[in-house]
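Enquirer: Counting from 1, position 69 in the sequence shown corresponds to residue 155 in our numbering; the numbering is continuous, with no gaps. Structure incoming, see below.
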Amino acid sequence: MKKLTAPDEVLYHVGFSAASLNGAKWALLPGDPGRVERLANACGPAEYIACHREYTSWLTNIDGEWVLVCSTGMGGPSVAICLEELACMGIKGVIRVGTTGGIQEKINLGDIIINKSAVRLDGTSLHYAPKSFPAVGSFTITKALVQAAVELRIPHHVGISVSSDTFWPGQERYDSFNGYVRKEFQGTLKEWQALGALNYEMETSALFVAAQCIGIKAGSVCGVIARRTESEQVAPIGIYELAEERFQKVVYRALQILLKTGV
Ligand code: URA
């Protein structure tokens with residue numbers, strides 16, 4: 087049974103009601119609340135909706151259709167909460183727009199990674215489906231993201247993400263406060279590289295599994311801000327801006343394609 091909310095019912099976590107969506111069926115989901123306004127304005131004429139907890143929400147208008155831009159905060163739990171409430175307000179397709187650390191030599195800072203699937207190194211997705219269930223993105227959304235990156239000639243890679251609940255131990259980073267990485271995670275960076283995974287980030291597996299279980303479509307695109315083949319650090323100033331400029335262009339074009347074909 088699907089539960090759609092009344093148009094004027096303000097949802098507890100995101101802090102707005104379906105009436106604010108102007109009929110939007112698509113949402114862009116950056117992690118960082120600070121990125122929402124810029125992303126909304128990069129896609130079209132934009133309007134502020136609400137700001138509650140980690141969820142900052144704007145609307146943007148792409149070719150005459152309203153699209154929600156809503157931050158999710160970091161990690162699986164807040165992504166799943168956001169997804170549940172957006173689904174109740176009639177959102178049918180979402181695209182995560184994030185940052186990531188590349189783990190293959192061929193991946194450079196500022197490149198774009200389109201994740202078609204993800205390793206479930208998170209806890210949230212287990213609340214939706216057993217570990218053996220795959221975390222896979224929507225084929226239609228992934229295809230549109232790839233088409234957009236190709237058309238725009240933006241350097242990009244398509245493949246598997248490793249979605250970790252932690253930035254340090256789960257991504258085998260030793261530059262944490264105490265430098266400790268559990269035995270279970272020692273050597274995992276090498277293993278993911280050998281298995282051909284492309285990147286580390288913190289949200290895609292929870293998003294893909296929850297979206298599949300809820301019954302909405304999801305895709306994921308990230309800009310590379312760390313090159314884990316040479317450093318544990320995130321990139322110097324300038325790279326973030328390059329990655330942001332590129333993922334803004336890619337999701338804008340991808341949504342133009344998707345809005346034409348429908349959710
Ligand atoms: N986000 C992550 O989760 N890891 C990185 O290395 C960079 C961004």
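Here a beta-carbon is modelled for each residue, glycine too, at the ideal position from N, C-alpha and C.
Which residue comes first and which comes last in the alpha helix (DSSP H) that contains I177?
Expert: Position 91 of the sequence shown, counting from 1, holds the residue named residue 177. Premise fails: I177 is in no alpha helix (DSSP H) and is neither H nor E.
Enquirer: Less than 9 Å between the C-beta atoms of S249 and T290, yes or no?
Expert: Sequence index remark: in the sequence shown, residue 249 carries index 163 (1-based). Sequence index remark: in the sequence shown, residue 290 carries index 204 (1-based). Against a cut-off of 9 Å, the Cβ pair of T290 and S249 comes out as a contact.
Enquirer: Apart from the five residues just before and just after F102, which ones in its own chain have a Cβ nearer than 7 Å to its Cβ?
Expert: What you label residue 102 is simply residue 16 of the sequence shown in a count that begins at 1. Cβ neighbours of F102 beyond the five flanking positions: V96, I135, A136 and S143.
Enquirer: List, from N- to C-terminal side, the beta strand (DSSP E) runs of 3 residues or more that fit wholly inside the segment 213–281.
Expert: Whole beta strand (DSSP E) segments, 3+ residues: 242–250.
Enquirer: Look up P93 in the DSSP assignment and say whether it is helix, strand or coil.
Expert: On the sequence shown, position 7 is the one that residue 93 refers to. Three-state DSSP puts P93 in coil, outside helix and strand.
Enquirer: Could you tell me how far apart the beta carbons of V232 and A283 are, in whole angstroms, since I believe they sit closer than 8 Å?
Expert: In the sequence shown, residue 232 corresponds to position 146, counting from 1. In the sequence shown, residue 283 corresponds to position 197, counting from 1. Not quite, the Cβ-Cβ distance comes to about 18 Å (not below 8 Å), so this is no contact.
Enquirer: Where does I167 sit, in a helix, a strand or coil, going by DSSP?
Expert: Start at 1 with the first residue of the sequence shown, and residue 167 comes out as number 81. The answer is helix: DSSP assigns I167 an H, G or I state.
Enquirer: Is the beta carbon of C156 closer than 9 Å to that of K89?
Expert: Indexing the sequence shown from 1 puts residue 89 at position 3. Indexing the sequence shown from 1 puts residue 156 at position 70. No; because the gap between Cβ atoms is not below 9 Å, this pair is not in contact.
Enquirer: Using CA atoms only, rank isn't needed, just tell me which of G265, A166, L154 and A105 is closest to Q298.
Expert: The residue you call residue 298 lines up with position 212 of the sequence shown. For Q298, the nearest C-alpha among the options comes from A166.
Enquirer: Would you kindly work out how many angstroms separate the C-alpha atoms of R259 and V267, rounded to a whole number?
Expert: On the sequence shown, residue 259 is found 173 positions in, with the first residue counted as 1. On the sequence shown, residue 267 is found 181 positions in, with the first residue counted as 1. About 7 Å.
Enquirer: Assuming G305 and I181 form a contact by the criterion Cβ under 8 Å, report the distance between their Cβ atoms to the nearest whole angstrom.
Expert: Numbered from its first residue, the sequence shown carries residue 305 at position 219. Numbered from its first residue, the sequence shown carries residue 181 at position 95. Sure, about 5 Å apart at Cβ, within 8 Å.
Enquirer: Looking at the secondary structure, which residues open and close the alpha helix (DSSP H) in which V295 lies?
Expert: Position 209 of the sequence shown holds residue 295. V295 -> alpha helix (DSSP H) spans T290 to I300.
Enquirer: Where the beta carbon is closer than 6 Å to any heavy atom of the ligand URA, which residues qualify, in chain order?
Expert: Taking each Cβ in turn, the ones that pass are T185, T186, G187, F253, Q257, Y286, E287, M288, I311, A312 and V320.
Enquirer: On the three-state DSSP scale, how would you describe S106?
Expert: Residue 106 sits at position 20 when you count from the first residue of the sequence shown. In the structure shown, S106 sits in a helix (DSSP, three-state: H, G or I).
Enquirer: Taking the straight line between their C-alpha atoms, what separation do you get for K276 and I311?
Expert: Looking up residue 276 in the sequence shown gives position 190. Looking up residue 311 in the sequence shown gives position 225. Each residue's Cα considered, the two are about 19 Å apart.
Enquirer: Please report the residue range of the alpha helix (DSSP H) in which I343 lies.
Expert: If you number the sequence shown from 1, residue 343 lands on position 257. Where I343 is concerned, the enclosing alpha helix (DSSP H) stretches over I325 to T347.
Enquirer: Counting pairs of beta carbons, one from the segment 316–329 and one from the segment 189–197, are three or more of them closer than 8 Å?
Expert: Touching, yes.
Enquirer: According to the Cβ coordinates, are M288 and G130 closer than 9 Å?
Expert: For this step, residue 288 is matched to residue 202 along the sequence shown. For this step, residue 130 is matched to residue 44 along the sequence shown. No.
Enquirer: Does L281 pass the burial test, meaning 16 or more other C-beta atoms within 10 Å, or should it be called exposed?
Expert: In the sequence shown, residue 281 corresponds to position 195, counting from 1. Per the 10 Å Cβ criterion, exposed.
Enquirer: Distance check for G187 and K178, CA to CA, integer angstroms please.
Expert: By one-based count along the sequence shown, residue 178 stands at place 92. By one-based count along the sequence shown, residue 187 stands at place 101. Distance between the alpha carbons of K178 and G187: 29 Å.
Enquirer: Report the option in L125, P322, P116 and T252 whose CA atom is closest to the CA atom of D208.
Expert: Within the sequence shown, numbered from 1, the residue matching residue 208 stands at position 122. When each option's Cα is compared against that of D208, the closest is T252.
Enquirer: Can you name, in chain order, every residue of its own chain whose Cβ lies under 6 Å from the Cβ of G245, other than the five neighbours on each side?
Expert: Translated into the one-based positions of the sequence shown, residue 245 becomes position 159. Same-chain partners within the cutoff: L284.
Enquirer: By DSSP, does R314 sit in helix, in strand, or in coil?
Expert: As a working mapping, residue 314 is identified with position 228 in the sequence shown. R314: coil per DSSP, three-state reduction.
Enquirer: Using three-state DSSP, classify L114 as helix, strand or coil.
Expert: Taking the sequence shown and counting its residues from 1, the one referred to as residue 114 is at position 28. Looking at L114 - three-state DSSP - the assignment turns out to be strand.
Enquirer: How many angstroms separate the CA atom of Q279 from the CA atom of Q272?
Expert: What you label residue 279 is simply residue 193 of the sequence shown in a count that begins at 1. What you label residue 272 is simply residue 186 of the sequence shown in a count that begins at 1. Approximately 13 Å, taken between the alpha carbons.
Enquirer: Is the separation between the beta-carbon of V349 and that of K111 shorter than 9 Å?
Expert: One-based indexing of the sequence shown puts residue 349 at position 263. One-based indexing of the sequence shown puts residue 111 at position 25. Yes, the Cβ-Cβ distance between V349 and K111 is below 9 Å.
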